[in-house]
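Engineer: I am attaching a structure below and will ask some questions about it afterwards.
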Amino acid sequence: MGETLIQKIMARASGKESVTPGEIVTCAVDLAMILDSGGPRKIWPRLEQLGVGVYDNEKVVVVADHFVPAADPQSAAILKLTRDFVKKFDIKHFYDMEGICHVLMAENGHLQPGMFCCGGDSHSTMGGAFGCYMAGFGAIEMSGVVVTGNIWSVVPETIKVDWSGTFGDGVAAKDIMLFLARELGMENAFKVVEYGGPTIREMSMMERMVLTNMAAELGAETGLIAPDEITLEAIRAGGTEPSEYALDWRSDDDATFCAEHSFDADTLAPQVAAPHKPSNSAPAEDYEKDQIHVDQAYIGACVGAKLTDLHMVASVLKGKQVKSGTRLMVAPSSKKIMTEAAADGTLATITEAGGMILPSGCGACAGLGAGIIADGEVCISSTNRNFQGRMGSNESLVYLGSPYTVAAAAVAGHIVDPRELLS
Amino acid sequence: MSAVTGKAWVFGDEINSDVMAPGIYFKESVEVMASHCLEAVDPDFASNVQPGDIVVAGRAFGVGSAREQAALSFAHMKVGAILAKSYARIFYRNMLNFGVPALVFPEADEISAKDEVTVDAIAGTVENKTTGKSYSVSPIPEHLMEMISMGGLMPYLKKKIDAGELKTGAMPK
Numbered sequence: 005m006g007e008t009l010i011q012k013i014m015a016r017a018s019g020k021e022s023v024t025p026g027e028i029v030t031c032a033v034d035l036a037m038i039l040d041s042g043g044p045r046k047i048w049p050r051l052e053q054l055g056v057g058v059y060d061n062e063k064v065v066v067v068a069d070h071f072v073p074a075a076d077p078q079s080a081a082i083l084k085l086t087r088d089f090v091k092k093f094d095i096k097h098f099y100d101m102e103g104i105c106h107v108l109m110a111e112n113g114h115l116q117p118g119m120f121c122c123g124g125d126s127h128s129t130m131g132g133a134f135g136c137y138m139a140g141f142g143a144i145e146m147s148g149v150v151v152t153g154n155i156w157s158v159v160p161e162t163i164k165v166d167w168s169g170t171f172g173d174g175v176a177a178k179d180i181m182l183f184l185a186r187e188l189g190m191e192n193a194f195k196v197v198e199y200g201g202p203t204i205r206e207m208s209m210m211e212r213m214v215l216t217n218m219a220a221e222l223g224a225e226t227g228l229i230a231p232d233e234i235t236l237e238a239i240r241a242g243g244t245e246p247s248e249y250a251l252d253w254r255s256d257d258d259a260t261f262c263a264e265h266s267f268d269a270d271t272l273a274p275q276v277a278a279p280h281k282p283s284n285s286a287p288a289e290d291y292e293k294d295q296i297h298v299d300q301a302y303i304g305a306c307v308g309a310k311l312t313d314l315h316m317v318a319s320v321l322k323g324k325q326v327k328s329g330t331r332l333m334v335a336p337s338s339k340k341i342m343t344e345a346a347a348d349g350t351l352a353t354i355t356e357a358g359g360m361i362l363p364s365g366c367g368a369c370a371g372l373g374a375g376i377i378a379d380g381e382v383c384i385s386s387t388n389r390n391f392q393g394r395m396g397s398n399e400s401l402v403y404l405g406s407p408y409t410v411a412a413a414a415v416a417g418h419i420v421d422p423r424e425l426l427s
Numbered sequence: 025m026s027a028v029t030g031k032a033w034v035f036g037d038e039i040n041s042d043v044m045a046p047g048i049y050f051k052e053s054v055e056v057m058a059s060h061c062l063e064a065v066d067p068d069f070a071s072n073v074q075p076g077d078i079v080v081a082g083r084a085f086g087v088g089s090a091r092e093q094a095a096l097s098f099a100h101m102k103v104g105a106i107l108a109k110s111y112a113r114i115f116y117r118n119m120l121n122f123g124v125p126a127l128v129f130p131e132a133d134e135i136s137a138k139d140e141v142t143v144d145a146i147a148g149t150v151e152n153k154t155t156g157k158s159y160s161v162s163p164i165p166e167h168l169m170e171m172i173s174m175g176g177l178m179p180y181l182k183k184k185i186d187a188g189e190l191k192t193g194a195m196p197k
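Same order as they appear, the protein sequences are chains A and B. Sequential numbering of the first sequence, starting at 5, is according to this note's numbering. Sequential numbering of the second sequence, starting at 25, is according to this note's numbering.
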């Protein structure tokens, strides 16, 4: 009988010939990514308590992205501790204020099809776009990974989600995920979502990473996309040669899936998720009758401020101005993206329209950095979560949309279907 | 780990980890973090919960972020057990790693706030002393039983390392 991609990955990682869904396995971890927020400051005291070091200083990767740049004494102390940890344990891969971890793993050739990777952040699922297992774990569990290099897992069943057709103007991968959050719900724990179909095959890696990133919003163990030439090109662009058998990492044609869904991108409209959860979504045009005033439009986070996202923003803003009474903030996902967007004129388009550029980092998405919002304020955001209090006050409201939709709201001053501003 | 008895605190579906551990308090101590746990949905919880109390919830409890503070806050308050219809994956793992039993409990709707509830995670039994109803539940997964009964991942690792059963790197000088 055929095997799914996740079965093949977990069989290799656990040193078995084959594994079946529901089986409990212990997997060897090829990459353990820890961050300033839940990494060294939580893990170092535990290493001291146990009197041990890290299992492999090549495989433990450290990223400072949550509290950057330091805006208060506590953040500064956390970042210093993170840097001291890297020195003390001779960590070979450290990214200090280079951008958001999930994007950095992709940009720097860390991910290969078939790998088994753990990250100390729920959106670690983003790495699954490379055909590898990458999932999020809490700092307590990452402490165990950093010590032992192993982790237990229940081999997940796989939900197959296929997309065919072509996006219309003003529609993006983000709209797929806001639609899927509504269709599939947020309760798919211990299951993998594997995306496929012609629409996915046409997507760039940056777009594919939106789908695997927001597998977290479906509650899934992770999201996966089988590798193809586009994947291999992205690995090479990160300075790594793809492994010889990279393209073999795919689900067999006769693999068993616990559910299979097919959707059509031709008819997909821009989507907006209303407070307070990503699954609370509807077509953007449904919101127009309420003229929902937007205080802040935020382009940021791992999922929503990659170069492709900034290009979407610029395509809406070109020759227009951000509405008086609305503020637009843009925090590119990484330093590399910031540099590329500066070189190709995208940042100039944004600032000329009245947008403000913020540092690369997790920032306001998680209520941590510049751009948090006050009681009674409304924000529309290209980020991935809108739980109550997520971006600051418990009494604020966060709507989620694609970069097109967020930029369109910045121009209109209220939530609109972005296609109206693109025509 | 023996049976615990406490007062029930009841929450609904899809209670997320952002409301359990709001990001704006991330840099604070566990005490401060815990004092804001669930304040957006029940402002009385954090200040009135007692050691041994039982948290009862609906579907997808703990959905969202990987933040261990969501689970650590319940451990810090010495919550006796969690009974939810279903759990978000990372939160479930975090809870068990902190040594707090988290049991799948489909009958969560049959427990009301302030009911007196006894939970035996090893035996897999729940008793609502207020209504007099008893339930059997799936106990903690067997491969995790040793870790939970020792109080969580850290005591478990300590024992394994001290016994020479785990290979790991050395603490640098």
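The beta carbon of each residue, even a glycine, is placed where N, CA and C say it ideally should be.
In its own chain, which residues sit with a C-beta less than 7 Å from the C-beta of Gly174 of chain A, not counting the 5 before and 5 after it?
Structural biologist: Counted from its first residue, the first sequence places residue 174 of chain A at position 170. If we look at Gly174 of chain A and ignore the five residues flanking it on each side, its Cβ neighbours are Pro274, Tyr408, Pro422, Arg423 and Leu426.
Engineer: By the three-class DSSP mapping on this structure, what secondary structure does Arg331 of chain A have?
Structural biologist: Taking the first residue of the first sequence as position 1, residue 331 of chain A is located at position 327. Three-state DSSP puts Arg331 of chain A in a strand.
Engineer: Under 7 Å, Cβ to Cβ, is there at least one residue of chain A near Gly47 of chain B?
Structural biologist: Sequence index remark: in the second sequence, residue 47 of chain B carries index 23 (1-based). Contacts with chain A at 7 Å (Cβ-Cβ) include Gly47 of chain B.
Engineer: Nearest to Ile114 of chain B by CA position, among A:Glu145, A:Glu399 and A:Ala74, is which residue?
Structural biologist: By one-based count along the second sequence, residue 114 of chain B stands at place 90. Among A:Glu145, A:Glu399 and A:Ala74, the Cα nearest to that of Ile114 of chain B belongs to A:Glu145.
Engineer: Looking at the C-beta of Asn398 of chain A, does it have a partner C-beta in chain B at a distance below 7 Å?
Structural biologist: On the first sequence, residue 398 of chain A is found 394 positions in, with the first residue counted as 1. Judged by the 7 Å Cβ criterion, Asn398 of chain A is in contact with chain B.
Engineer: How far does the alpha helix (DSSP H) with Ala137 of chain B in it extend, from its first residue to its last?
Structural biologist: Residue numbering aside, residue 137 of chain B sits at position 113 when the second sequence is read from its first letter. That residue, Ala137 of chain B, is in no alpha helix (DSSP H); it is neither H nor E in DSSP.
Engineer: With DSSP collapsed to three states, give me the class of Ala428 of chain A.
Structural biologist: Nothing can be reported for residue 428 of chain A: it is not among the residues displayed for chain A, which extend from 5 to 427.
Engineer: Does Pro46 of chain B pass the burial test, meaning 16 or more other C-beta atoms within 10 Å, or should it be called exposed?
Structural biologist: Position 22 of the second sequence, counting from 1, holds the residue named residue 46 of chain B. Using a 10 angstroms sphere on the CB of Pro46 of chain B, the tally of other CB atoms reaches 16 or more, which defines it as buried.
Engineer: Inspect the beta-carbon positions of Thr42 of chain B and Gly88 of chain B and report whether they are closer than 7 Å.
Structural biologist: Here residue 42 of chain B refers to the residue found at position 18 when the second sequence is read from its first residue. Here residue 88 of chain B refers to the residue found at position 64 when the second sequence is read from its first residue. The sequence given here places Asp at residue 42 of chain B; Thr does not occur at that position. Yes; because the gap between Cβ atoms is below 7 Å, this pair is in contact.
Engineer: Are Met119 of chain B and Ala95 of chain B closer than 7 Å when you measure CB to CB?
Structural biologist: Taking the first residue of the second sequence as 1, we reach residue 119 of chain B at position 95. Taking the first residue of the second sequence as 1, we reach residue 95 of chain B at position 71. Yes, the Cβ-Cβ distance between Met119 of chain B and Ala95 of chain B is below 7 Å.
Engineer: My understanding is that Leu332 of chain A touches Ala301 of chain A, with C-beta atoms under 8 Å, so please give their C-beta distance in whole angstroms.
Structural biologist: The residue labelled residue 332 of chain A in the question sits at position 328 within the first sequence. The residue labelled residue 301 of chain A in the question sits at position 297 within the first sequence. That belief holds up - the Cβ atoms of Leu332 of chain A and Ala301 of chain A are roughly 5 Å apart, short of 8 Å.
Engineer: If you follow the beta strand (DSSP E) that Gln116 of chain A is part of, which residue opens it and which one closes it?
Structural biologist: Within the first sequence, residue 116 of chain A is the residue found at index 112, counting from 1. Note, Gln116 of chain A: premise wrong, no beta strand (DSSP E); not H, not E.
Engineer: Are the CB atoms of Ser157 of chain A and Val29 of chain A nearer to each other than 7 Å?
Structural biologist: The residue given as residue 157 of chain A occupies position 153 in the first sequence. The residue given as residue 29 of chain A occupies position 25 in the first sequence. The answer is yes: Cβ separation under 7 Å.
Engineer: Identify which residue in A:Cys262, A:Thr152 and A:Pro279 has its Cα closest to the Cα of Ala194 of chain B.
Structural biologist: For the purposes of this step, residue 194 of chain B is identified with residue 170 of the second sequence, where counting begins at 1. Here the closest residue by C-alpha is A:Thr152.
Engineer: Measuring straight from C-alpha to C-alpha, what distance separates Asp232 of chain A and Gly329 of chain A?
Structural biologist: As a first step, residue 232 of chain A is located in the first sequence; it is residue number 228 there, counting from the start. As a first step, residue 329 of chain A is located in the first sequence; it is residue number 325 there, counting from the start. Answer to the nearest angstrom: the Cα atoms are 46 Å apart.
Engineer: Is the beta carbon of Ser319 of chain A closer than 7 Å to that of Met342 of chain A?
Structural biologist: The residue given as residue 342 of chain A occupies position 338 in the first sequence. The residue given as residue 319 of chain A occupies position 315 in the first sequence. Going by C-beta atoms, Met342 of chain A is not nearer than 7 Å to Ser319 of chain A.
Engineer: From Gly349 of chain A to Ala309 of chain A, what does the alpha carbon distance come to, in whole angstroms?
Structural biologist: Taking the first sequence and counting its residues from 1, one reaches residue 349 of chain A at position 345. Taking the first sequence and counting its residues from 1, one reaches residue 309 of chain A at position 305. Cα to Cα, Gly349 of chain A sits roughly 15 Å from Ala309 of chain A.
Engineer: Which residues in chain B sit within 9 Å of Gly135 of chain A, going by Cβ to Cβ distance?
Structural biologist: The residue you call residue 135 of chain A lines up with position 131 of the first sequence. Under the 9 Å cutoff, chain B gives no residues; its nearest Cβ is about 21 Å from Gly135 of chain A.
Engineer: Throw me the rounded Cβ distance for the Cys218 of chain A and Met181 of chain A pair, which I believe falls under 8 Å.
Structural biologist: Residue mapping note: residue 218 of chain A aligns to position 214 of the first sequence, counting from 1. Residue mapping note: residue 181 of chain A aligns to position 177 of the first sequence, counting from 1. According to the sequence provided, residue 218 of chain A is Met. The question's Cys does not apply to it. Confirmed, about 4 Å.
Engineer: Do you know offhand how far Ile47 of chain A's Cα is from Arg87 of chain A's?
Structural biologist: Walking along the first sequence from the start, residue 47 of chain A turns up at place 43. Walking along the first sequence from the start, residue 87 of chain A turns up at place 83. Taking the straight line joining both Cα atoms gives about 13 Å.
Engineer: Can you find a CB in chain A that lies within less than 7 Å of the CB of Gly193 of chain B?
Structural biologist: The count along the second sequence starts at 1 and reaches residue 193 of chain B at position 169. Judged by the 7 Å Cβ criterion, Gly193 of chain B is in contact with chain A.
Engineer: Hey, quick one: how far does the alpha helix (DSSP H) through His100 of chain B stretch, first residue to last?
Structural biologist: Residue numbering aside, residue 100 of chain B sits at position 76 when the second sequence is read from its first letter. Its alpha helix (DSSP H) spans residues Glu92 to His100.
Engineer: His167 of chain B CB to nearest chain A CB: under 7 Å?
Structural biologist: Taking the second sequence and counting its residues from 1, one reaches residue 167 of chain B at position 143. At least one chain A Cβ lies under 7 Å of His167 of chain B.
Engineer: Just how far apart, CA to CA, sit Ile222 of chain B and Ala17 of chain A?
Structural biologist: Coverage of chain B is limited to positions 25 through 197, which leaves residue 222 of chain B absent and any answer about it impossible.
Engineer: Which value, in whole angstroms, describes the spacing of the CA atoms of Lys51 of chain B and Ala305 of chain A?
Structural biologist: One-based indexing of the second sequence puts residue 51 of chain B at position 27. One-based indexing of the first sequence puts residue 305 of chain A at position 301. Roughly 19 Å between the two C-alpha positions.
Engineer: Ordered along the chain, which non-local residues of its own chain (more than five positions away) have a Cβ less than 7 Å from that of Asn390 of chain A?
Structural biologist: Position 386 of the first sequence, counting from 1, holds the residue named residue 390 of chain A. Here the set comprises Ala277, Pro279, His280, Lys281, Pro282, Val402, Tyr403 and Leu404.
Engineer: Identify which residue in A:Ile384, A:Val334 and A:Gly367 has its Cα closest to the Cα of Ala74 of chain A.
Structural biologist: Within the first sequence, numbered from 1, the residue matching residue 74 of chain A stands at position 70. Closest option to Ala74 of chain A, Cα to Cα, is A:Gly367.
Engineer: Name, going along the chain, the residues of the segment 73-102 of chain B whose beta-carbon falls closer than 7 Å to a beta-carbon of chain A.
Structural biologist: Correct list: Arg83, Ala84, Val87, Gly88, Ser89, Ala90, Arg91, Glu92 and Ala95.
Engineer: Excluding sequence positions up to five away, which residues of its chain have a Cβ less than 8 Å from the Cβ of Ile95 of chain A?
Structural biologist: On the first sequence, position 91 is the one that residue 95 of chain A refers to. Only residues of its own chain outside the window of five on either side were considered, and among them Val58, Asn61, Val64, Val65, Val66 and Phe89 have a CB closer than 8 Å to the CB of Ile95 of chain A, listed in chain order.
Engineer: Is Tyr116 of chain B buried or exposed, if buried means 16 or more other CB atoms sit within 10 Å of its CB?
Structural biologist: Numbered from its first residue, the second sequence carries residue 116 of chain B at position 92. With 16 or more Cβ atoms within 10 Å of its Cβ, Tyr116 of chain B is classed as buried.
Engineer: Once the 5 residues before and after Pro25 of chain A are set aside, which same chain residues still bring their CB inside 6 Å of it?
Structural biologist: Here the question's residue 25 of chain A lines up with position 21 in the first sequence. The answer, listed in chain order, is Val159 and Glu161.
Engineer: Using only the alpha-carbon positions, how far apart do Gly242 of chain A and Leu85 of chain A sit?
Structural biologist: In the first sequence, residue 242 of chain A corresponds to position 238, counting from 1. In the first sequence, residue 85 of chain A corresponds to position 81, counting from 1. The straight-line gap from Cα to Cα measures roughly 28 Å.
Engineer: With 7 Å as the threshold, decide whether the Cβ of Pro163 of chain B is near any Cβ in chain D.
Structural biologist: Given the protein chain composition of this structure (A and B), no chain D is represented.
Engineer: Where does Phe183 of chain A fall in DSSP's three states?
Structural biologist: As a working mapping, residue 183 of chain A is identified with position 179 in the first sequence. Helix, per DSSP.
Engineer: Taking CB distances under 7 Å as the criterion, tell me whether Pro196 of chain B reaches chain A.
Structural biologist: Start at 1 with the first residue of the second sequence, and residue 196 of chain B comes out as number 172. Output row for Pro196 of chain B: interface = yes.
Engineer: Determine whether the beta carbon atoms of Gly131 of chain A and Met101 of chain A lie at a separation below 7 Å.
Structural biologist: The residue you call residue 131 of chain A lines up with position 127 of the first sequence. The residue you call residue 101 of chain A lines up with position 97 of the first sequence. No. Outside cutoff.
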